[in-house]
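For reference, the structure is listed below as structure tokens.
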Amino acid sequence: MEFSIKQGSPEKQRSGCVLVGVFEGGKLAEAAQALDKAVQHYLSDIIAHGDMTGKAASTLLLHNVPHIQSERVLLLGLGKRDEFGARQYLDAVRAAMRALQTTGAKDAVLYLAELPVKDAKKPAQAWCITQAVLAAHEAVYRFDRLKSKTDKDKKVLKKIQFGLLTAKHDATLDAALTQALAIAQGVKLAKDLGNLPGNVCTPSYLAQQAVALAKEQKSLKVTVLEEKDMLKLGMGSLLSVTRGSDEPAKLITLEYRGGDKKQKPIVLVGKGITFDTGGISLKPGAEMDEMKYDMCGAASVLGTLQAVATMGLKLNVIGIIPTCENMPSGRAIKPGDIVTSMSGQTIEILNTDAEGRLILCDALTYAAKFEPDSVVDIATLTGACVIALGHVATGLFSNQDALAQELLSAGEQTQDRAWHMPLWEEYQPLLDSNFADMQNIGGRAGGSITAACFLARFTKEYRWAHLDIAGTAWKSGKDKGATGRPVPLLAQYLINRANSK
Ligand code: BES
Ligand code: MN
Ligand code: ZN
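Reading the sequence shown from the start, the letters are residues -6 to 494 in my numbering.
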């Protein structure tokens, strides 16, 4: 799909469809007023007849509207004007994108950028356009590459233009559009990888994807460490998880050096368990298929690095992906086994299903070699995080409040939100072990916190944050599928960092 921005009034557009907004009570948004005037109150007549009430996220498609050149007009309900905020805007835009897909329009001009969104992040027009681009991609996304027959609902809509009535069409809006497209592409990559089944998306497959990405983006450099390399580095914890699997583990590093040579890099570490059976502490069978998503942290690192490279951010960013399977077998680790991590700390593995932290701790120790400015890990780490925050907010933990704030506000900006959770010392004793330096679980209470506390023992040397995306990386049920979160949050965080330099 092609996107652009143009200035001009709605009645002058020659396109497959013009979209304008209507508030509840039939109050027309600015562009709708202009259009209504040009069509001699054709729109207000329809509204007066009760066919469009302006109810939030409702749509009404009109054909052959007199006096204009466009083939169609799509009225978009925006809800109550004084309640029209970021969430209402997003709901409306998603509905609009879905409705547009069902029409025969090849192109459309959308008057969305100047809608009066109460809490839109500044600059408001750039924000509106970014969110609309992400929603448009969301609406057309299908994962059908593994179906033998794909439904032939061929996508006719090829071109979306954002119409501006009064605002100046300047370079900042074009920049916002370019960034939004890069983020949308990163989200798509993360979704595709997440949706692939465990028999296709293996650790080797993830490594191949990283290599392919580095081939396509010349600014990315990739290295893949094998198990023998990890053994030399002393990654006893990571290697203990992969023991039960026949697929070889990989440690992928992607380096992007867009900033000054001396500038310390931001390191992203993504959990890449391509399938989590639980190991000997086997998971129950119901919905176990969803554990193919246990590499969504890794996928978000790949998606974010693709976006960073596409945007050409003036920043140094490094992605590290520890990846393996968690399987039961005669060689698998057992409850009670004790392993030595790369940091030298020993770990008593009381539950082999708490494997994410076991691969992350070694990757986090490895991250220190890049002398990072800060490190952010992203992991589908705990079911407890889903219980705590549901499927709305990502759990955020950090050893530094300023870093936490930066990530929280990047999440607010992109509507890919996170919630700050505690990482207090008081939780640490729950990880004490009688036989090793620590155990890998802290009991049922505060499970997402003790998991973060475990990681904190390996990240003392640098500014670090941990994003638990167990509830936000995919949707269950009828619309089962990866969400691509938190690529928007991460990409925005890096954009903000590059801008502040
Ligand atoms: N990958 C899971 C976490 C998970 C569970 C994500 C459900 C999404 C939905 C992780 O490896 C895991 O199994 N965690 C255990 C930890 C427990 C054994 C301390 C969990 O959350 O049950
Ligand atoms: Mn597990
Ligand atoms: Zn897991």
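Even for Gly, the Cβ is constructed at its ideal location relative to N, Cα and C.
What does the alpha-carbon distance come out to for the pair LEU54 and ASP461?
Here residue 54 corresponds to residue number 61 of the sequence shown, with the count starting at 1. Here residue 461 corresponds to residue number 468 of the sequence shown, with the count starting at 1. Spanning the two alpha carbons is a distance of roughly 41 Å.
Rounded to the nearest angstrom, what separates ILE507 and LEU306 at their Cα positions?
Residue 507 is absent from the structure shown; the chain starts at -6 and stops at 494.
Say whether the stretch 211 to 218 touches the stretch 248 to 255, bearing in mind that this needs 3 or more beta-carbon pairs closer than 8 Å, one atom from each stretch.
A contact between stretches requires three or more CB pairs, one per stretch, nearer than 8 Å, and the stretch 211 to 218 meets this requirement with the stretch 248 to 255.
Which residues neighbour the ligand BES when neighbourhood means a C-beta less than 5 Å away from any of its non-hydrogen atoms? List them by chain order.
Going along the chain, the residues that qualify are ASP269, ASP287, ASN344, ASP346, ALA347, GLY349, THR373, THR375, GLY376, ILE434 and ALA463.
Could you tell me which residues DSSP pairs with LEU69 in its beta bridges?
Taking the first residue of the sequence shown as position 1, residue 69 is located at position 76. GLY14 and THR52.
Can you grab the Cα-Cα spacing for the pair LYS114 / PRO481, in whole Å?
Your numbering for residue 114 matches position 121 in the sequence shown. Your numbering for residue 481 matches position 488 in the sequence shown. One C-alpha to the other measures close to 14 Å.
Quick check: what's the CA-CA separation for GLU405 versus ALA50?
The residue labelled residue 405 in the question sits at position 412 within the sequence shown. The residue labelled residue 50 in the question sits at position 57 within the sequence shown. Taking the straight line from one Cα to the other gives about 21 Å.
Report whether the distance from the Cβ of ILE266 to the nearest heavy atom of the ligand ZN is below 7 Å.
Against the sequence shown, residue 266 aligns to sequence position 273. Yes - the ligand ZN has a heavy atom lying nearer than 7 Å to the Cβ of ILE266.
Using 7 Å as the cut-off, classify the Cβ of GLY278 as near or not near the heavy atoms of the ligand MN, replying yes or no.
As a first step, residue 278 is located in the sequence shown; it is residue number 285 there, counting from the start. No, Cβ of GLY278 sits at least 7 Å from all heavy atoms of the ligand MN.
At which residues does the beta strand (DSSP E) containing GLU341 begin and terminate?
In the sequence shown, the residue the question calls residue 341 occupies position 348. 339 to 342 is the span of the beta strand (DSSP E), which, as asked, contains GLU341.
Measuring alpha carbon to alpha carbon, tell me which residue in LEU36, VAL110, LEU157 and SER230 is nearest ASP330.
As a position in the sequence shown, residue 330 is number 337, starting the count at 1. When each option's Cα is compared against that of ASP330, the closest is SER230.
State the start and end residues of the unbroken beta strand (DSSP E) segment that holds ASN319.
Within the sequence shown, residue 319 is the residue found at index 326, counting from 1. It spans 309 to 319 - the beta strand (DSSP E) in which ASN319 sits, taken as one unbroken run.
Would you mind reading off the limits of the alpha helix (DSSP H) that contains GLY296?
Stepping through the sequence shown from its first residue, residue 296 is reached at position 303. GLY296 -> alpha helix (DSSP H) spans 289 to 304.
Should the stretch 346 to 354 be regarded as contacting the stretch 294 to 311, the criterion being three or more beta carbon pairs within less than 8 Å?
The stretch 346 to 354 and the stretch 294 to 311 do not touch, with fewer than 3 CB-CB distances between them shorter than 8 Å.
What residues are listed by DSSP as bridge partners for MET335?
Within the sequence shown, numbered from 1, the residue matching residue 335 stands at position 342. According to DSSP, which records beta bridges pairwise, MET335 is partnered with nothing at all.
Closest by CA to THR195, which one among ASP137, LEU232 and ILE266?
Against the sequence shown, residue 195 aligns to sequence position 202. The shortest Cα separation from THR195 among ASP137, LEU232 and ILE266 belongs to ILE266.
Should GLY440 be counted as a contact of the ligand MN given a C-beta to heavy atom distance under 7 Å?
Against the sequence shown, residue 440 aligns to sequence position 447. No, since every heavy atom of the ligand MN falls outside the 7 Å radius drawn around the Cβ of GLY440.
Could you tell me whether the Cβ atoms of GLY440 and THR373 are closer together than 8 Å?
If you number the sequence shown from 1, residue 440 lands on position 447. If you number the sequence shown from 1, residue 373 lands on position 380. No; because the gap between Cβ atoms is not below 8 Å, this pair is not in contact.
Quick one: what's got a C-beta closer than 7 Å to CYS378's C-beta in the same chain, skipping five residues either side?
For the purposes of this step, residue 378 is taken as residue 385 along the sequence shown, with counting starting at 1. Excluding residues within five positions, the ones whose Cβ falls inside 7 Å are GLY388, SER441, ASP461, ALA463 and GLY464.
If we count the other Cβ atoms within 10 Å of its Cβ and call it buried at 16 or more, is GLN118 buried or exposed?
The sequence position of residue 118 within the sequence shown is 125, counting from 1. Classification of GLN118: buried, given that the 10 Å Cβ count is 16 or more.
Just to confirm, are PRO190 and LYS285 a CB contact at a threshold of 8 Å?
The residue given as residue 190 occupies position 197 in the sequence shown. The residue given as residue 285 occupies position 292 in the sequence shown. Yes, Cβ-Cβ distance for PRO190 and LYS285 is below 8 Å.
Please report the straight-line C-alpha distance between ALA128 and LEU401, rounded to a whole angstrom.
Here the question's residue 128 lines up with position 135 in the sequence shown. Here the question's residue 401 lines up with position 408 in the sequence shown. Within the model, the alpha-carbon separation for ALA128 versus LEU401 is close to 21 Å.
Take LYS276 and list the residues in its own chain whose beta-carbon comes closer than 8 Å to its own, dropping the five residues that flank it on each side.
The residue labelled residue 276 in the question sits at position 283 within the sequence shown. Closer than 8 Å at Cβ, skipping near neighbours: ASP269, THR270, MET284 and ASP346.
Taking a contact to mean a Cβ-Cβ separation below 8 Å, would you say ALA27 touches PRO3 in this structure?
In the sequence shown, residue 27 corresponds to position 34, counting from 1. In the sequence shown, residue 3 corresponds to position 10, counting from 1. It is a contact, given that the beta carbons lie within the stated cut-off.
Compute the Euclidean distance between the alpha carbons of THR358 and MET335, then round it to the nearest angstrom.
In the sequence shown, residue 358 corresponds to position 365, counting from 1. In the sequence shown, residue 335 corresponds to position 342, counting from 1. Rounded to whole angstroms, THR358 to MET335 spans 7 Å at the Cα level.
Checking 8 Å against the spacing of the C-beta atoms, do PHE447 and LEU424 come in under that value?
Here residue 447 corresponds to residue number 454 of the sequence shown, with the count starting at 1. Here residue 424 corresponds to residue number 431 of the sequence shown, with the count starting at 1. Against a cut-off of 8 Å, the Cβ pair of LEU424 and PHE447 comes out as a contact.
Compare the C-alpha of VAL86 against each of GLN178, GLU23 and ILE122 and name the closest.
Counted from its first residue, the sequence shown places residue 86 at position 93. Comparing Cα-Cα distances from VAL86 to each of GLN178, GLU23 and ILE122, the minimum goes to ILE122.
Note down, one range per segment and in chain order, each alpha helix (DSSP H) of at least 4 residues found wholly within the stretch 61 to 109.
79 to 94
Taking contact to mean 3 or more Cβ pairs, one atom from each stretch, closer than 8 Å, check whether the stretch 142 to 159 and the stretch 88 to 98 are in contact.
yes
Under 7 Å: does the beta carbon of ASN319 sit that close to some heavy atom of the ligand MN?
For this step, residue 319 is matched to residue 326 along the sequence shown. Yes, Cβ of ASN319 sits closer than 7 Å to a heavy atom of the ligand MN.
When DSSP builds the beta bridges, which residues end up paired with GLN154?
By one-based count along the sequence shown, residue 154 stands at place 161. Beta-bridge pairing links GLN154 to SER(-3) and VAL102.
Residue ranges of each alpha helix (DSSP H) run of no fewer than 4 residues wholly in the stretch 119 to 205, ordered along the chain?
As summarised for the stretch 119 to 205, the continuous alpha helix (DSSP H) elements at least 4 residues long and confined to that stretch are 164 to 188, given in chain order.
Going straight from the alpha carbon of CYS289 to that of LEU244, what length do you get?
Start at 1 with the first residue of the sequence shown, and residue 289 comes out as number 296. Start at 1 with the first residue of the sequence shown, and residue 244 comes out as number 251. Each residue's Cα considered, the two are about 15 Å apart.
Under three-state DSSP, which class holds SER274?
Along the sequence shown, one-based indexing puts residue 274 at 281. Three-state DSSP puts SER274 in coil, outside helix and strand.
Are the CB atoms of ARG236 and ILE314 within a distance shorter than 8 Å?
Your numbering for residue 314 matches position 321 in the sequence shown. Your numbering for residue 236 matches position 243 in the sequence shown. No. Outside cutoff.
Where does PHE363 sit, in a helix, a strand or coil, going by DSSP?
One-based indexing of the sequence shown puts residue 363 at position 370. The answer is helix: DSSP assigns PHE363 an H, G or I state.
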